[in-house]
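Asks:
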Amino acid sequence: MRRRWTTAPAAALAAALAASGCGGGTGGGGDAAQVEVFSWWTGGGEEAGLNALIEMYEERHPDTEFVNAAVAGGSGTNAQAVLEGRLQSQDPPDSFQGHAGAELQDYIEAGYLEPLDGFYDEHGLREALPDQLLEQISYDGSVYSVPVNIHRSNVLWFNPSVLEEAGIEEPPQTLDDLIAGLEAVEEETDAVPMAVGAQWTVDHLLESVLLGSLGTEGYNALWEPGADWGTPEVAAALADFEAVLEHTQEESASEDWQEASRRVAEGEAAFTVMGDWAAGYFDELGMTAGEDYDWAASPGTEGTYLWLSDSFTLPVGAPNPEAADAWLELAASREGQDAFNPLKGSIPAREDADPEQYADSPYLSAALEEWQSGPELAGSFWHGVAADNRWKNAIDTAVGLYLQDGDTDALQDALNEASQAAQTE
Ligand code: GAL
């Protein structure tokens with residue numbers, strides 16, 4: 017197909033990209049009238065947020081075809097493998113979703129990403145984003161991605177009617193309260209006490225249980241070089257994990273997070289621990305906060321934001337760097353973030369977003385307020401902040417074995433080995 021430059025003549029654009037430090041990849045072989053954006057946002061809630069951005073992109077750039085290269089599977093379990101294959105074979109999309117933190121550092125170190133310093137200067141982004149987030153997307157003083165949101169991982173979603181039926185008056189504050197609550201649901205109702213889905217949702221649950229049991233400092237210390245996971249404290253956290261998992265449903269492995277969340281909102285389950293993308297999904301299902309579902313910080317984690325951030329990149333060799341640049345500009349903008357996040361169930365990465373856009377959602381307005389009040393921070397390991405892909409996959413393998421053999425000591429040994437291996441990478 018004939019190459020068409022949509023935003024600027026090629027020579028001017030190449031000069032602008034070079035001056036901006038935006039790199040521009042090799043630009044080889046792409047169709048400039050197209051932008052291919054890679055993510056895993058295909059399901060309930062997620063797709064709606066992405067679609068809002070796509071619509072804005074298409075309005076602003078009617079001559080560029082938007083290619084939505086999303087690969088299904090919550091938390092990118094399938095997408096990340098597909099992406100790695102493409103990056104290794106030098107067939108990158110024009111932009112892909114990569115979590116701020118250790119996951120992004122992996123991509124940077126592998127040489128997959130262009131620095132975006134010029135882009136940041138041009139759009140005043142260093143001033144618009146929180147410093148701690150900038151740190152997570154920087155390497156050797158350069159910035160490498162455009163964060164679009166802040167998600168919270170440690171949310172306990174529950175069904176108020178099921179809790180009432182089980183005689184639970186308050187959402188559980190501690191892991192002991194949670195375990196007692198799960199037992200009460202088991203005894204008093206027909207509902208599943210704790211809904212989970214595919215294995216990654218159990219990894220997701222693990223991070224909230226570790227945080228709830230070890231506290232913020234103890235959890236954060238697990239990701240420091242040389243961290244010892246063989247301690248009695250980690251053993252106690254894993255005992256809590258075991259107790260929680262005893263109250264999950266059996267037929268879950270083929271389901272994703274939407275199914276577990278739906279079970280809660282429809283009263284088939286009492287609780288699920290899931291990131292706040294569930295808030296976007298509940299809205300999409302037409303569920304009412306406070307009636308069909310409610311939420312609290314996952315037990316033992318009140319006051320701490322177990323955070324993660326979705327960010328978009330400019331891969332080295334992106335076929336259409338100028339169209340990718342326009343995508344990043346939209347993702348970085350206040351308008352783009354305020355269109356995307358209320359549907360996605362996340363709060364904006366930008367500090368100047370319009371709170372009014374979040375006021376209709378009781379969950380999001382509370383989340384925004386809490387984030388702005390400066391909570392304690394812990395980085396999600398499952399969603400790329402605290403652990404790189406290799407470490408995360410080693411934990412996933414250990415959890416998978418544990419789900420088969422139920423051996424908590426072996427789980428702890430495997431987690432400790434994974435931590436030691438990560439330090440020597
Ligand atoms: C996370 C991602 C979120 C959401 C979630 C479930 O890793 O950051 O945006 O997509 O997975 O798929």
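Under this note's numbering, think of the first position of the sequence shown as 17, with each following residue one higher. For each residue, glycine too, the CB sits at the ideal point set by N, CA and C.
#1: Is it buried or exposed, R279, if we count other Cβ atoms within 10 angstroms and call 16 or more buried?
#2: Determine whether the beta carbon atoms of A347 and V162 lie at a separation below 7 Å.
#3: Output the distance between the C-alpha atoms of A430 and A375, rounded to the nearest integer angstrom.
#4: When the Cα of A252 is compared with those of L227, S268, D272, which residue comes out closest?
#5: Where are the alpha helix (DSSP H) runs, 4 residues long or more, that stay fully inside the stretch 379-431, in chain order?
#6: Return yes when the Cβ of V159 is within less than 7 Å of the Cβ of S111, no when it is not.
#7: For D425 and I70, I'd like the C-alpha separation in whole angstroms.
#8: Just to confirm the assignment: which complete alpha helix (DSSP H) runs, minimum length 4, are found wholly within the stretch 151-213?
#9: Kindly list the residues whose CB is nearer than 6 Å to the CB of G197, restricted to its own chain and excluding five residues on each side of it in sequence; keep chain order.
#10: Which residues does DSSP pair with E233 in a beta bridge?
#11: List in chain order: all unbroken beta strand (DSSP E) runs of 3+ residues lying wholly within the stretch 305-342.
#12: Beta-carbon within less than 7 Å of L246's beta-carbon, same chain only, minus the 5 sequence neighbours each way: which residues are those?
#13: Just how far apart, CA to CA, sit V316 and L417?
#14: Let me check understanding here. Comparing Cα to Cα, which of M210, L330, P335, W57 lies closest to S277?
#15: Pick from T440, K408, G422: whose alpha carbon is nearest that of T93?
#16: What alpha helix (DSSP H) runs, 4 residues minimum, are completely inside the stretch 72-149?
#17: Let's see if you can read the secondary structure: which residues bound the alpha helix (DSSP H) around A295?
#18: Please find out if some non-hydrogen atom of the ligand GAL comes closer than 6 Å to the beta-carbon of D354.
#19: Could you check how far apart the C-beta atoms of G361 and G296 are, in whole angstroms? I think they sit under 8 Å.
#20: Tell me the rounded alpha-carbon separation between W398 and R406.
#21: Consult DSSP for A437 and reduce its assignment to one of helix, strand or coil.
#22: If S444 sits next to S169, beta carbons under 8 Å apart, how far is it from one beta carbon to the other, in whole angstroms?
#23: My assumption, with CB atoms under 8 Å, is that T217 sits in contact with W273. Please give the rounded CB distance.
#24: Is it right to say T304 is buried, meaning 16 or more other beta carbons lie within 10 angstroms of its own, or is it exposed?
#25: So what does DSSP say about P25, is it helix, strand or coil?
#26: Let's test the definition: count the other Cβ atoms within 10 Å of the Cβ of S389 and tell me whether it reaches 16, buried, or not, exposed.
#27: Give the single residue among G117, Y136, D122 whose Cα lies nearest to the Cα of L149.
#28: Are the beta-carbon atoms belonging to E119 and G395 less than 7 Å from one another?
#29: Nearest-angstrom Cα distance between T232 and E372?
#30: Can you check DSSP and say which residues form a bridge with Q50?
Replies: Reading from the atomic positions:
#1: Working through the sequence shown from its first residue, we reach residue 279 at position 263. Buried is the call here.
#2: Taking the sequence shown and counting its residues from 1, the one referred to as residue 347 is at position 331. Taking the sequence shown and counting its residues from 1, the one referred to as residue 162 is at position 146. Cβ distance < 7 Å, so A347 and V162 count as in contact.
#3: Locating residue 430 in the sequence shown gives position 414, where the first residue counts as 1. Locating residue 375 in the sequence shown gives position 359, where the first residue counts as 1. Between the C-alpha atoms of A430 and A375 there is a straight-line separation of about 44 Å.
#4: Walking along the sequence shown from the start, residue 252 turns up at place 236. The option with the nearest alpha carbon to A252 is L227.
#5: 405-421
#6: Working through the sequence shown from its first residue, we reach residue 111 at position 95. Working through the sequence shown from its first residue, we reach residue 159 at position 143. Contact: no.
#7: Position 409 of the sequence shown, counting from 1, holds the residue named residue 425. Position 54 of the sequence shown, counting from 1, holds the residue named residue 70. Taking the straight line from one Cα to the other gives about 47 Å.
#8: 176-181, 191-204
#9: Here residue 197 refers to the residue found at position 181 when the sequence shown is read from its first residue. Taken in chain order, the residues that qualify are I184, P188.
#10: As a position in the sequence shown, residue 233 is number 217, starting the count at 1. For E233, which the question treats as bridged, DSSP gives no partner whatsoever.
#11: 310-313, 320-324, 326-328
#12: Here residue 246 refers to the residue found at position 230 when the sequence shown is read from its first residue. First, the residue type needs correcting, since residue 246 is Gly and not Leu in the sequence shown. Taken in chain order, the residues that qualify are Q428, N432.
#13: Residue numbering aside, residue 316 sits at position 300 when the sequence shown is read from its first letter. Residue numbering aside, residue 417 sits at position 401 when the sequence shown is read from its first letter. What sits at residue 316 in the sequence shown is Gly, not Val. Approximately 26 Å, taken between the alpha carbons.
#14: For the purposes of this step, residue 277 is identified with residue 261 of the sequence shown, where counting begins at 1. Answer by Cα proximity: M210.
#15: What you label residue 93 is simply residue 77 of the sequence shown in a count that begins at 1. Nearest of T440, K408, G422 to T93, Cα basis: K408.
#16: Assignment of alpha helix (DSSP H) within the stretch 72-149, counting only whole runs of 4 or more residues, yields 95-104, 118-125, 133-138, 141-144 in chain order.
#17: Position 279 of the sequence shown, counted from the first residue, corresponds to residue 295. Segment 293-300, the alpha helix (DSSP H) holding A295.
#18: Along the sequence shown, read from residue 1 onward, the residue named residue 354 stands at position 338. No; taking the cut-off as 6 Å, the Cβ of D354 has no heavy atom of the ligand GAL nearer than that.
#19: Stepping through the sequence shown from its first residue, residue 361 is reached at position 345. Stepping through the sequence shown from its first residue, residue 296 is reached at position 280. The Cβ separation is near 3 Å, so the contact holds.
#20: In the sequence shown, residue 398 corresponds to position 382, counting from 1. In the sequence shown, residue 406 corresponds to position 390, counting from 1. If you take the alpha carbons of W398 and R406, they lie about 11 Å apart.
#21: Translated into positions along the sequence shown, residue 437 becomes position 421. Residue state, collapsed to three classes: helix.
#22: As displayed, the chain neither begins before 17 nor continues past 441, which places residue 444 out of reach and without an answer.
#23: Indexing the sequence shown from 1 puts residue 217 at position 201. Indexing the sequence shown from 1 puts residue 273 at position 257. With a Cβ gap of about 5 Å, T217 and W273 count as contacting.
#24: Working through the sequence shown from its first residue, we reach residue 304 at position 288. Flag for T304 reads exposed.
#25: Here the question's residue 25 lines up with position 9 in the sequence shown. Note on P25: pLDDT 30, under 50, position unreliable in the model; the coordinate value appears next. Here P25 sits in coil by DSSP.
#26: On the sequence shown, position 373 is the one that residue 389 refers to. Classification for S389: exposed.
#27: On the sequence shown, residue 149 is found 133 positions in, with the first residue counted as 1. Closest by alpha carbon: G117.
#28: Translated into positions along the sequence shown, residue 119 becomes position 103. Translated into positions along the sequence shown, residue 395 becomes position 379. Contact flag unset, no.
#29: Indexing the sequence shown from 1 puts residue 232 at position 216. Indexing the sequence shown from 1 puts residue 372 at position 356. Roughly 31 Å separates the two Cα atoms.
#30: On the sequence shown, residue 50 is found 34 positions in, with the first residue counted as 1. Answer is E81, bridged to Q50.
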